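Single-structure report; data block below.
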Ligand SMILES: Cc1cc2nc3c(=O)[nH]c(=O)nc-3n(C[C@H](O)[C@H](O)[C@H](O)COP(=O)(O)OP(=O)(O)OC[C@H]3O[C@@H](n4cnc5c(N)ncnc54)[C@H](O)[C@@H]3O)c2cc1C
C-alpha cells in the first residue's frame with residue numbers, strides 16, 4: 236500500500252501563510268490553514284513588492300491580477316525632508332523589468348492579500364481557529380489545540396502567525412518583540428482630496444530623525460498611501476489604539492516639505508502601528524514544527540522586505556518539502572531553515588539601519604534573488 240502523503244498545517248492566513256499554502260499545493264502537498272480571525276478585513280495600507288517576491292507570485296499564476304491592480308513606479312525617489320532635494324532616484328519601471336525580468340509593484344495590501352486568498356481553495360482555510368497549544372508527539376505527528384475547543388493533528392506545522400507568534404513562544408519561550416520607540420502612521424486615501432496637487436509617484440522624504448514614504452497603490456493613480464516612521468518612545472505598545480491622532484501626526488511633520496504637509500492636511504484619517512523587531516532567532520525548527528515569515532524574521536519596514544521575504548520562504552519551503560515522506564519532514568524543515576536564515580538575517584540587519592536606497596547603491600542582492608532556482612542548503 237502506498238504511504239500516505241504528509242499533511243501540513245499552517246497557522247495564520249497572512250501573506251506568508253497563504254503563499255506557503257499555495258506553493259505547497261503546487262507541489263502536491265496536502266495542506267490546511269488555521270486562522271484566528273473570523274474573516275478577512277481590508278486594511279488601509281499599501282505594500283511594495285519587489286522582483287524577489289514577484290517571481291514567486293507570478294509562478295502562482297498572479298501575473299494578470301498584479302498587472303491589473305498594482306502601480307509600477309518609474310523611479311523610487313529619496314528626497315531631503317525640507318528642501319525636497321533629490322538624493323537618489325532609483326530606476327524602477329522598465330529598468331527593473333529589463334534587469335530582473337519582472338516588475339516592481341506598489342499596491343493596496345488588501346489586493347495582495349485577496350489574490351493570495353483566492354490562490355488556495357476556500358475549504359483549505361479554517362477561520363476562527365486561534366492556536367492555543369502545540370506539541371510534538373511521540374508518534375511523530377504534531378498536535379494542535381485551539382481556543383474554540385477544537386484539536387487537530389498534522390505531520391508538520393508551519394507557524395506563520397506573525398510577529399506575536401504563539402508558535403515562536405512555544406519554541407523559544409515568552410519574549411515580546413523589541414519596540415523600536417517608533418510608530419508608523421499609515422493610510423490610503425483618494426488623490427482627489429489633494430485639491431489638484433499631483434504627488435510624486437513613489438518618494439521617501441528623509442528627515443533627521445523621522446521619515447515619510449508615499450506612493451500610488453493602483454495603475455489609475457487615484458489612491459495614495461503614506462507610511463511614516465515617527466519617534467514616540469513613550470508610546471504604550473500594549474494599550475495602543477489602531478487609530479492615530481491627525482493633529483499629532485501633522486505636528487510631527489510641520490517642518491517637512493509643502494507636499495508632505497499637503498498630503499497630511501488632506502488625509503481624512505490614519506492608523507497607527509508600533510514598529511517592533513527581533514534579532515535573528517537561534518533556530519526556526521523543533522521536531523516537525525517550523526516558523527515562517529514575521530514569526531521568525533520580523534523586521535523594520537525600511538526595505539519593504541518583510542512580506543517579500545515571507546513570500547520567498549513559502550517557495551523555498553515547497554521546494555524542500557516536495558516529494559518528502561513523513562519520515563523525511565524534520566530534515567526537510569532543517570534544510571528550509573538553513574537555506575533561508577542567512578538571507579533573512581542579513582535583510583533584518585540591513586533594514587534596521589534605515590539607509591536603504593537613500594543614496595544610489597546596488598539592490599541586486601535583494602531584488603535578484605530567485606527562490607525557485609537558488610541552491611538549497613545541504
Ligand atoms: C508599517 C509597515 C509597513 C510595511 N510595508 C511592507 C512593504 O511595503 N513590503 C513588504 O514586503 N513588507 C512590508 N511590511 C512587512 C509585512 O507587513 C510583514 O512582514 C508581513 O505581513 C508578514 O506576513 P506574515 O504572514 O508572516 O504575518 P502576518 O501578516 O502578521 O499574518 C499572521 C497571521 O496569523 C494570524 N494569527 C496570529 N496568531 C494566530 C494564532 N494564535 N492562531 C491562528 N492564527 C493566528 C493572524 O491573524 C494573521 O492573519 C510592513 C510592515 C509594517 C509594520
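In the working numbering, the protein residues as written are 236 to 613.
A virtual CB, placed ideally from N, CA and C, is assigned to each residue, including glycine.
Note that this is a predicted model, so its numbers are computed, not measured.
Proximity test, residue i beta-carbon vs ligand 1 heavy atom, cut-off 7 Å
i	result
residue 510	yes
residue 304	no
residue 571	no
residue 421	yes
residue 364	yes
residue 396	yes
residue 270	yes
residue 587	no
residue 401	yes
residue 540	yes
residue 282	yes
residue 308	no
residue 543	yes
residue 654	This structure does not reach residue 654, given that the chain is present from 236 up to 613, and the question cannot be answered.
residue 462	yes
residue 252	yes
residue 536	yes
residue 249	yes
Residue i to residue j span [Cα, whole Å]
i	j	result
residue 246	residue 433	42 Å
residue 574	residue 562	20 Å
residue 491	residue 254	38 Å
residue 481	residue 449	17 Å
residue 277	residue 443	33 Å
residue 360	residue 393	14 Å
residue 468	residue 543	28 Å
residue 343	residue 374	44 Å
residue 293	residue 336	11 Å
residue 496	residue 411	35 Å
residue 557	residue 259	8 Å
residue 334	residue 285	12 Å
residue 567	residue 365	26 Å
residue 525	residue 588	28 Å
residue 353	residue 362	15 Å
residue 478	residue 510	15 Å
residue 546	residue 423	23 Å
residue 484	residue 499	8 Å
residue 418	residue 447	11 Å
residue 605	residue 430	42 Å
Environment of residue i [buried if 16+ CB atoms lie within 10 Å]
i	result
residue 372	exposed
residue 427	exposed
residue 307	buried
residue 271	buried
residue 346	buried
residue 579	buried
Residue i at chain C interface by Cβ criterion, 8 Å
i	result
residue 374	You won't find chain C in this structure, because it holds only one protein chain.
Any non-hydrogen atom of ligand 3 closer than 7 Å to residue i Cβ
i	result
residue 246	For the structure depicted, ligand 3 is absent and the ligand set comprises only ligand 1.
Secondary structure, beta strand (DSSP E): runs of 3+ residues fully inside the stretch 443–491: 446–451 and 458–466
Report yes or no: do the stretch 423–438 and the stretch 311–327 share at least 3 C-beta pairs separated by less than 8 Å? yes
Every unbroken alpha helix (DSSP H) inside the stretch 320–358 [4 residues or more]: 328–335 and 344–353
For the stretch 257–326, list the beta strand (DSSP E) runs that are entirely contained and at least 3 residues long, ordered along the chain. 265–269, 281–284, 310–315 and 321–326
The stretch 583–596 touching the stretch 247–267, judged by at least three CB pairs closer than 8 Å: no
Report yes or no: do the stretch 591–603 and the stretch 315–333 share at least 3 C-beta pairs separated by less than 8 Å? yes
At a cut of 8 Å, does the stretch 456–464 reach the stretch 518–534 through at least three beta carbon pairs? no
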